[in-house]
Structures are given as structure tokens and as C-alpha cells.
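**Q** The following block contains the structure, expressed as C-alpha cells.
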Amino acid sequence: MEKVIIFDTTLRDGEQAAGASLNAQEKLEIARQLDRLGVDVIEAGFPSSSPGDFEAVRLIAQELKRLTICALAPANIEAIDKAWEAVKGAKHPRIHVFLSASDIHLAHQLKKSRDEILKMSREMVARAKSYLDDVEFSPMDASRADPAYIYQILEVVINAGATTVNIPDTVGYATPQEFGGLIQGILDNVPNIDKAVISVHCHNDLGLAVANSLEAIRVGARQVECTINGIGERAGNASLEEIVMTLRTRQDFFGLVTNIDTTRIYRTSRLVSELTGFSIQPNKAIIGANAFRHQSGIHQDGVLKKAITYEIMDPKSVGIPSSVLVLSKLSGRHAFRERLSELGYTLSEEALNRAFQGFKELADKKKEIIDRDIESLIAEELRTVTEVYHLDHVEVSCGDHSLPTATVRLIGPDGQSLADAALGAGPVDAVYKAINRIVGIPNELTEFTVKSVSEGIDAIGEVLIRIESEGVTYTGRGASTDIIVASAKAYMNALNRLLAAKRGGK
Ligand code: KIV
Ligand code: ZN
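Here this note's numbering runs 742 ahead of the position in the sequence shown, where the first position is 1.
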């Protein structure tokens, strides 16, 4: 059976989602999981956009040797050269050059003529080709461009050496029939199209990203660009798990295969959710909490008699654990490590020690530790940033007849102990004000969510916050059985990210 190339852009377009920001280590962790998942190409970042992105692409290119590592570059010489610098350590490097192609973009954004765009496309693909063989080109906003002009551009870039031509529905405007028609038009009208793979890249503004991608695949596209959990710019990109599971579940219809080990989908989705701080809606297809839950009595009856009555996929095929393994304070390091590895986590010895310590502390407060608790502990490890300030102690007093007061002690950059106190509208406000008095970095809290990781009064509370400073958003996450402590940890996590970014990282 013919294969569809799965090009994952979680680390590039996915990270363009407002409020997502991953540092290089977090990107590397996700990239390792994408490798285990079996994706064919990882778009690791946009090296000319920031030093942090450059570093992430470089790290991923150096480590992951099975798959193709792609770096995105707008059509200019400096950006292409930077993309090459970042990706050249890869065993299978790719540069992805993009340039707007719709008259709307040409007239209002680039202020260039079609001929000028054609010339730039040819020259920039040739520039990338001077470095490596594997070059992808995207005529941006293709779905709103004149199809005849798209055919012309594709012919030119394939002649200049592009081996993949990607057709983006940049603003999520197309409908399946139209988008499939565009792909068919390309197959019929681009004379050298047999020398390149047709790829598609669909956005979800009208909720049609997956439908458009699948229609393009049905017509003949053989690479699909997608992201885990469908995250991405605005309403996001086509979701990898939905595309892959549709191709698998409806192989009778599509007659196509992918390299994806679908049993790793759930784990990958959880990891991306934990590290980006974007929770998954319960009714999300494939990986939402309700995706395999049957509520109606008739459905439950049917599933108990024979799952196929109401289940078109086996939850095990996407890696949803069939049972929840419980650990307790009697569980040793070995059992903890085993469970981590079953859950798909590989931690350094040092991180494992810290996580095990966290597990023991938690087990003292909570009788049963389930997978979600472990995920939460690990997310804390994976989201570690270089700590400029470390939270050493937090204490609050509050109640319906007292002014919320917080005392905090931080360990500062030179190891000094720094303590302060503040009043606030509530206990969390008081803690944040006390921290602000020590750290003194102006920022605005734009999001604060608290949720329980599992059920029960002793559950871990997970706090996710977003703060904004000089137009940039930083995410922070903290977990504890005490939600005030979790809130303080989340704030410190976000502040340390902000400080790291100001010191040149991301
Ligand atoms: O949506 C888009 O057009 C893109 C391109 C860079 C491929 O992300
Ligand atoms: Zn995009």
C-alpha cells in the first residue's frame, strides 16, 4: 500500500499558538516522543525567528538520526542560511522555504508583482538547494491564490530543485471539495509534478483542517503537515491523531498507510498538553477524555455485548491505558522507574532522583498514586527552567475575617535568602505580590487556571498561569496537593522563564 508521509509541525506551527512557548529542552523532549511515535519529518522550528528556536532546531538535528529534521525559512538569503546552520547536523536535513502567493498578500503585504515573487521563489529554492538535496517550498495562502499562478510557481520551484511542494490553506478558508480540486488541478497542470511530493498544510479556522487534508490525500497528496492535538496558529492546524486514525480506521476507503505507531498517540498527546499548558477538550476526537466513554444505557449495553456495536476504534490502538496502575508509598524506586518507562518517559538519572523524591513526598500525603499524578510530577521535571530564583518557603494566612497575608522566601541568583511579605485580595494575590516585591519584574497575569489532576480530596492541584511582559507570553505550571503552593510554584516557573528569555535563552 502507498504511504503518506507524516510531517509534524507541532514544534513550529504548533508553537505559534498564542500562549504556547517551549524552551529548547522541552522541544527536544517532544521531538524524542515524536520520533518514538514514528513521524517521518519533524519541522523543528524557525531558526531565523529567535536564538531559542535556532538552538532547538540545532539540538534536535544533532540528536535524532532516524527521521528528517526540517527548518523553516522565509524566502530571504539570511533566513535560509540560518536555517542551514541550524539543521546541518541532521542525518536527514530539510529546508522549507515559504513565500506568499495570493494576490491579497502580494498587494497588501509584500507589495510585489507576480513576476517578482516567481523570481524570488526560484532564487531562494536554488539557494537552499546549494546546501542540501531535500528542499520543500510553500506558496503561502495558496488556497486563495489564482490556481494558474500556483501551477506556474510550482513548475518553477520544482525546476529549481524543490523535492516537496506544500500547498497551504494558510487561513483555513478552503472547503474539502475546493481544496481537493486544487490538488487535482496541480496534478493535471504542473508538467514536472512527478518530480516532487505534493504536501498539504491546512489550518482549522472553519474547523475543516482535517477534512481538507484528507480530501487532498484522497486526490493524491502524499505528505500531510499536522500537529499533535491540532495546536497551531489561531484555531490551529490539522490534528495528527485525527488524520492518522482516519487513515487507519478507514483503510478500506483510502487504501493508504503511515509509519505511525498509533499506540503512542495518547502518550504524545498528554506530553504536548502538559508542556504547552493547553488542556484537551473532553470531546476531542481520538484523545479527549470522553472519546471512548459511553454514557447512554443503550450504547453501554451494546458495547458490553460487543464493542464494535458503538466503537469504531479500540482505545488500546491509540494507547489509552486499559487500567490505571496504582502506586503507593510502599512502591520502591524500581516500580516507579518501570511505570515511567511504561508511560514513555525517559529521564536522566538526576531528574529521576528528583521525580522519585517528589513521588515519595506525594505518597506521604496521598494514599494512591495514579498515572495522572505521575504525569504531573514528570511535567514538573520536564518544565524545569534554569532557576534564577528558587521558591524556598511560602506561608499564607487567610479566612473570611482576615486580610490575606503571605510570607515568601526565595533563594536568589547568588544563593542569598530573600524574604518578604504582602497583603492581597486573596491568598494567591498576596503570594504573587510578595514574590513581586523580591523579584521586581513588571508583568501582567493574563491567565490563571487550577484543576484537579485526579479525583478525591487529597488530589494534586495543578495550576497553570500565563504572564505577559513586553508583549511576550510566558507559561508557568506548578503542582502540589496544596493549591497555594502550586500557585506559587507556577508563578516562579513563569518568572524564571521570563528571566531566562531576558538573559538570551527562551
Ligand atoms: O500556514 C502556512 O501557510 C504556513 C507556511 C509557513 C507553510 O505555516
Ligand atoms: Zn501554518
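No residue lacks a Cβ here, since even glycine has one placed at the ideal position from N, Cα and C.
Excluding the 5 residues flanking Asp1056 on each side, which residues of the same chain have their C-beta closer than 8 angstroms to its C-beta?
**A** Ala1049.
**Q** Using C-beta distances below 6 angstroms, list every residue in its chain close to Lys854, excluding the 5 sequence neighbours before and after it, in chain order.
**A** The residues are Leu848.
**Q** By Cβ distance, which residues of its chain are closer than 7 angstroms to Arg808, with the 5 residues on each side in sequence left out?
**A** Once the five neighbours on either side are set aside, the close Cβ partners of Arg808 are Asp777.
**Q** Applying the criterion that 16 or more other CB atoms from any shown protein chain within 10 Å of the CB defines a buried residue, is Val1010 buried or exposed?
**A** Checking the sequence, you will find Thr at residue 1010 rather than Val. That one is buried.
**Q** Which residues in the same chain as Gly1019 place their Cβ atom closer than 8 angstroms to its Cβ, once the five residues preceding and following it in sequence are excluded?
**A** The answer, listed in chain order, is Gly761, Ala762, Leu1206, Arg1208, Thr1217 and Arg1219.
**Q** By alpha-carbon positions, which one of Val1130, Val1138, Ala1164 and Leu1145 ends up nearest to Gly1157?
**A** That would be Val1130, whose Cα lies nearest to the Cα of Gly1157.
**Q** Are three or more beta carbon pairs between the stretch 811-820 and the stretch 865-875 nearer than 8 angstroms?
**A** Touching, yes, given that three or more Cβ pairs across the two stretches are closer than 8 angstroms.
**Q** Alpha carbons only, please: which of Cys944, Pro910, Gly922 and Glu865 is nearest the one belonging to Asn901?
**A** The candidate whose alpha carbon is nearest that of Asn901 is Glu865.
**Q** What does the Cβ neighbour count give for Leu1145, buried or exposed, with the cut at 16 atoms within 10 Å?
**A** Classification of Leu1145: exposed, given that the 10 Å Cβ count is below 16.
**Q** Kindly identify the DSSP beta-bridge partner or partners of Phe749.
**A** According to DSSP, which records beta bridges pairwise, Phe749 is partnered with Val783 and Glu967.
**Q** When DSSP labels each residue in this structure, what does Thr1000 get in the three-state scheme?
**A** Thr1000: coil per DSSP, three-state reduction.
**Q** Determine whether the beta carbon atoms of Glu785 and His834 lie at a separation below 8 angstroms.
**A** No. Outside cutoff.
**Q** Looking only at C-alpha atoms, which of Val1227, Glu1110 and Glu1122 sits nearest to Tyr1087?
**A** Residue Glu1122 is the option with its Cα nearest to Tyr1087.
**Q** On the DSSP letters alone, give me the boundaries of the alpha helix (DSSP H) that Val1045 sits inside.
**A** Where Val1045 is concerned, the enclosing alpha helix (DSSP H) stretches over Gly1039 to Lys1047.
**Q** Does the beta-carbon of Asn971, which I'm using as the reference point, lie nearer than 7 angstroms to any heavy atom of the ligand ZN?
**A** Outside the cutoff, so no.
**Q** Can you list, in chain order, the residues of its chain with a C-beta nearer than 8 angstroms to that of Gly1061? Leave out the 5 residues immediately preceding and following it.
**A** Taken in chain order, the residues that qualify are Thr1004, Thr1005, Arg1006, Ile1007, Tyr1008 and Arg1009.
**Q** Please confirm whether any heavy atom of the ligand ZN lies closer than 7 angstroms to the CB of Thr912.
**A** Because some heavy atom of the ligand ZN lies under 7 angstroms away, the Cβ of Thr912 counts as near it: yes.
**Q** Please state whether DSSP places Glu858 in a helix, a strand or coil.
**A** Glu858: helix per DSSP, three-state reduction.
**Q** Could you give the DSSP three-state label for His838: helix, strand or coil?
**A** Reduced to three states, the DSSP call for His838 is strand.
**Q** In the structure shown, what three-state DSSP assignment does His1076 receive?
**A** Correct three-state label for His1076: helix.
**Q** Taking the C-alpha atoms as reference points, what is the distance between Thr905 and Ala958?
**A** Approximately 18 angstroms, taken between the alpha carbons.
**Q** Within 8 angstroms, do at least three Cβ pairs link the stretch 970-978 to the stretch 743-759?
**A** The answer is yes - the stretch 970-978 touches the stretch 743-759, with three or more Cβ pairs under 8 angstroms.
**Q** In whole angstroms, what separates the C-alpha of Asp755 from that of Asp1142?
**A** Rounded to the nearest angstrom, the two C-alpha atoms are 46 angstroms apart.
**Q** In angstroms with no decimal places, state the Cα-to-Cα distance between Leu1017 and Asn765.
**A** Taking the straight line joining both Cα atoms gives about 10 angstroms.
**Q** Using 8 angstroms as the threshold, is the C-beta distance between Leu1160 and Ile1180 below it?
**A** Contact flag set, yes.
**Q** Please report the residue range of the alpha helix (DSSP H) in which Gly927 lies.
**A** Its alpha helix (DSSP H) spans residues Pro918 to Asn931.
**Q** CA-CA distance, Cys812 and Val942?
**A** Distance between the alpha carbons of Cys812 and Val942 is about 15 angstroms.
**Q** Taking only heavy atoms of the ligand KIV into account, decide whether any of them is closer than 7 angstroms to the Cβ of Phe921.
**A** No, the Cβ of Phe921 stays beyond 7 angstroms of every heavy atom of the ligand KIV.
**Q** State the beta-bridge partners of Arg1208 as determined by DSSP.
**A** Partner(s): Glu1189 and Thr1217.
**Q** Which two residues bound the contiguous alpha helix (DSSP H) that contains Ala1172?
**A** Looking at the DSSP string, the run of the alpha helix (DSSP H) that includes Ala1172 is Pro1169 to Val1181.
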